[in-house]
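These notes are about the structure you will find just below.
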Amino acid sequence: MNKVRSIIKTPASRTIQLKIPDFVPINEDIEVIMMFNNNSFQKKIEMLKNIPFDKTFLEDIKNVQDDYQLIDNKEWD
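Using the numbering used here, you'd call the opening residue of the sequence shown number 75 and step up by one each time.
Written out as structure tokens, the structure is:
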């Protein structure tokens with residue numbers, strides 16, 4: 075499977091045209107996926123501010139600390 079990925083800004087016309095690469099045979103099935111993110115900049119900032127209180131994030135940090143505790147406590151020659 076080959077993939078061609080492009081990230082574009084939404085045009086005012088709300089219309090895009092796709093150029094299919096020449097190596098794709100005529101009548102070949104292709105899949106087009108449109109993905110977009112509704113998060114505004116302010117929403118992203120609010121999410122970042124809440125990270126220190128996120129239980130899963132804190133557990134992940136604790137696990138990483140535990141993993142490296144032995145290495146951190148080891149004396150190096």
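C-beta: ideal position from N, C-alpha, C; glycine also. Please read these numbers as outputs of a predicted model, since none were measured by experiment.
Enclosing alpha helix (DSSP H) for residue i [first to last residue]
i      : result
Ile107 : Element bounds for Ile107: n/a, residue is neither H nor E.
Lys117 : 115–124
Nearest residue (CA-CA) to residue i, options the options
i      : options                       : result
Met75  : Asp103, Lys93, Gln91          : Asp103
Leu92  : Pro99, Arg79, Ala86           : Arg79
Phe110 : Ile100, Ile135, Met121, Thr84 : Thr84
Val106 : Lys77, Lys148, Leu144         : Lys77
Cβ-Cβ distance between residue i and residue j below 8 angstroms
i     : j     : result
Ile90 : Ile82 : yes
is_contact[residue i, chain B] using C-beta, thresh 8 angstroms
i      : result
Ser114 : Protein chains in the displayed structure number just one, and chain B is not present.
Backbone CA spacing between residue i and residue j [nearest angstrom]
i      : j      : result
Trp150 : Tyr142 : 14 angstroms
Met108 : Asp146 : 46 angstroms
Ala86  : Ser114 : 18 angstroms
Val138 : Asn124 : 20 angstroms
Asp140 : Asn112 : 36 angstroms
Leu132 : Arg88  : 41 angstroms
Glu118 : Pro126 : Just to set this straight, residue 118 is Lys in the shown sequence, not Glu. One C-alpha to the other measures close to 14 angstroms.
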